[in-house]
Each structure stands twice: as C-alpha cells, then as structure tokens.
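> Quick note, the sequence shown lines up with residues -7 to 305 if you use the numbering used here.
Virtual Cβ for every residue (Gly too), placed ideally from N, Cα, C.
Nothing here was measured: the structure is a model prediction, and the numbers come from that model.
Quick one: structure below, then a few questions.
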Amino acid sequence: MGNFRIYDWNDIQLILACAEQGGFAGAAAVMGIDQTTVSRRVAALEKATGRPLFTRRRSGATPTPAGLALLERARATHRAVSEFEAAINGMGGLAPPTVTLGASEGLLTYTLIPTLLGNSATRQPVDLALVRQPLPPLAFTTRLADADIAIVATSMGSVPPGRGAIRVRRIGTMHFKPVAGRALLDACDDSLRCFDDLANHPILDIAIYRPIRSLADWNGLVARHRDDREVLVTSATPAMHRALIEGRGVGILPSYSPLYDACIVTLDFPAPPLLASLWLVAQEDKLREPAVRDLYDTLADLFLNSPWFRERA
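Okay, structure coming up:
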C-alpha cells in the first residue's frame, strides 16, 4: 500500500461506471469490456488500497465508504479531465498570435508591409495573389534578432549566421542597379554614361551595403571617392529615396525600385554585377506555431515566384 500510481485513465472511469451503473455488468457494457475484466481490475484497485471498494450482491454492487471516498475524487478528476479536453478542442478557436517579421527598413516600407497588409498603392515586384488569407496579426521590426521570421541579405554564397535550431531558406537574389532621380538627370548634361561616371557626382550610400562583399564594386567606388567627392550616407532606403528625388546624388537600389516611383531612374549603362542573397530565417520552435509557419511559406512563395529575385533577373 502507498505506492499506487494511475497509469490508465480507465481505472478512474471504471470506478465511475461501477457506481453509476449499479454493478459490474452495467459497467462492462458501457465500457465495452467483459464483466470478468471489470471484476479483475476492481480487485486490483482494492488490493492497492487495502480496502474493499464495492459491496457485491446478486442485484449489483454498491460503493463502500472507501469506495465513496474514491468516487468523490473520481468525479472531480473526471470534471478536470473534461475541462482539459474542452480546452484542447477549443484551441482551434483561439485568435492566432501576432507574428513579428523582421527585415531592412527599405524592404519593409516598400514591399513587405504594402504587400502583406494589402494597401499597396504602387506596383510590387511580387505577385499579390500569392498572399494567403487570412493572415495572422502582424508586427514589423528592423531588429532581426527580435523577429519570429527574418528576411536577411548576405554576400552571395554566404549563409546568414544563427544560433540554436534554425531553419534557413534561400529565397532569391537581390539585383542592385545604379540609380538617379530625374531632377539630377535633367541637370547633368548626359554625364552619366558608364559606371565610373558615378564618381563625378555626389554619391548616396547606405551603411548596410558595406558588409556585403558582392557589392564590392560599389563599396570600392564609394571608398575611393570619399575624400574628394561628397558622400552622403543615408540611414536606410527611404532616406536615400528622398535624397534621390531631391537630386542630391546618385546611388544604387534594387532593380525594381522604379516600380515604386517614376522619378527614380535606373541608369542604362553596363555596370558590374551588384548582388545580394536573400534568406528566410526562423527558429524551428517558432515554426511549430501554425501562424508562423504559414507566413514563412507565404513569404517563400512570394519571392521564389518573382522574376525580380531570380539568379539571372
């Protein structure tokens, strides 16, 4: 006595059935087992307690005082288990959690937020029809470490670093092109005919370009001319966009940038390849949440099906 452990929920149901059906035969019928099995299992419980739990009669069986004490607890356990089962079954009706998506400010501002929230006022480099509805509540951040899912740009061939069990999926290549605003082009008298001509104008740069080795030709041009030409380092793509529109210099942006603003012009001359790899990154534990997994798959579809992000655009 004293070492009994419940390993089978049917032991508790057995006590309830015997009491509620008034005997072992009725309990056997409702539980779908034979009466001999009921008798054997009740005897095992009585051996464990060291007390008789039921008084046997020809007309049936009734709980003893010890049986009534267990019956009260069996009913309380049954209520608790029923509540637990109802909670499990009700999980499907819970509102999905907010999913946080991390990316650069430019990618968030111009592509991801308008596409996912359905408020795009401009053409997009992705197919809006691929956005799966309904989406979970979304939050956005430029702090990639705080995101449930992050879109990360790296040097070509480099895998983004990560800690723990993460899922990393390559979703395409971002192609950068030299760009200028129409205001500058109208004033420069056709002085932008090759890549090296960019150095003859004020340069607009973004600090996040510098660690990307596959932007080496651009970063080298910026470094060579920093001393004798004005280099305006902007905080992110939206700041560069404003400077371009104002005609304050030349820069590089993703090749699809003119989709967003007709005042941004891709400069039509041969230029060295300026590329970055794009990756989807998420913690495996996060992806066990259906809302996170569905958004992860949606983002993969958006980029992998876009001609703008193919290896050869």
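#1: Just reading off the alpha helix (DSSP H) that ALA208 is part of, what are its end residues?
#2: Need the endpoints of the beta strand (DSSP E) that ALA66 sits in, please.
#3: Please report the distance separating the alpha-carbon of GLU12 from that of ALA78.
#4: LEU267 and THR146 - do their beta-carbons sit closer together than 8 Å?
#5: To the nearest angstrom, how far is the alpha carbon of GLY98 from that of GLY82?
#6: What's the gap between the Cα of LEU86 and the Cα of ALA283?
#7: With 16 other CB atoms within 10 Å as the buried threshold, where does PHE227 fall?
#8: Quick check on the DSSP output: the beta strand (DSSP E) that includes GLN5 runs from which residue to which?
#9: Under the rule that 16 or more other beta-carbon atoms within 10 Å means buried, what is LYS169, buried or exposed?
#10: Quick one: Cα of PRO153 to Cα of ILE204, how far?
#11: Does GLU253 come out as helix, strand or coil in the three-state DSSP assignment?
#12: Is PHE261 helix, strand or coil when you go by DSSP?
#13: Determine the burial state of ARG33: buried for a count of at least 16 other Cβ atoms within 10 Å of its Cβ, exposed for fewer.
#14: If I follow the unbroken alpha helix (DSSP H) through MET232, where does it start and stop?
#15: Quick one: grab the DSSP three-state call for THR348.
#16: Can you tell me the Cβ-Cβ gap for ALA53 and GLY15, rounded? I've got them flagged as a contact below 8 Å.
#17: DSSP has THR165 in a bridge; who is on the other side?
#18: Spatial neighbours of VAL286 within its chain, please: CB distance less than 7 Å, with the 5 preceding and 5 following residues excluded, ordered by chain position.
#19: Please work out which residues of its chain come closer than 6 Å, Cβ to Cβ, to ASP197, disregarding the five sequence neighbours upstream and downstream, and give them in chain order.
#20: Assuming LEU291 contacts LEU272 (C-beta within less than 8 Å), just tell me the rounded distance between them.
#21: Suppose only complete runs of 3+ residues qualify. What are the beta strand (DSSP E) ranges in the stretch 114 to 197, listed by chain order?
#22: Where do the ends of the beta strand (DSSP E) carrying LEU224 lie?
#23: Among VAL171, ALA40, MET148, ARG155, whose alpha-carbon lies nearest the alpha-carbon of ARG162?
#24: Within the same chain, show all residues whose beta-carbon is closer than 7 Å to that of GLU303, passing over the 5 residues directly before and after it, in chain order.
Taking the structure as given:
#1: 208 to 217
#2: ALA66 -> not in any beta strand (DSSP E); alpha helix (DSSP H) instead, spanning 57 to 82.
#3: 23 Å
#4: no
#5: 40 Å
#6: 12 Å
#7: Sequence check: residue 227 is Ser here, not Phe. Counting Cβ neighbours within 10 Å, SER227 comes out exposed, since fewer than 16 surround it.
#8: Annotation: GLN5 is outside any beta strand (DSSP E); the continuous alpha helix (DSSP H) that includes it extends over 1 to 13.
#9: buried
#10: 14 Å
#11: Reading off the sequence shown, one finds Asp at residue 253, where the question assumed Glu. Three-state result, ASP253: coil.
#12: coil
#13: buried
#14: Unbroken alpha helix (DSSP H) run through MET232: 229 to 237.
#15: The question about residue 348 has no answer here: the residues shown for the chain are numbered -7 through 305.
#16: 5 Å
#17: The beta-bridge partner set that DSSP reports for THR165 consists of SER269.
#18: It is Asp, not Val, that sits at residue 286 in the sequence shown. Hits under 7 Å: ARG124.
#19: VAL214, VAL223, VAL225
#20: About 6 Å separates the CB atoms of LEU291 and LEU272; that is less than 8 Å, so the two are in contact.
#21: The beta strand (DSSP E) runs lying completely inside the stretch 114 to 197 and spanning 3 residues or more are 130 to 133, 141 to 146, 158 to 173, given in chain order.
#22: 223 to 226
#23: MET148
#24: For GLU303, the CB contacts under 7 Å within the same chain, skipping 5 residues up- and downstream, are THR165 in chain order.
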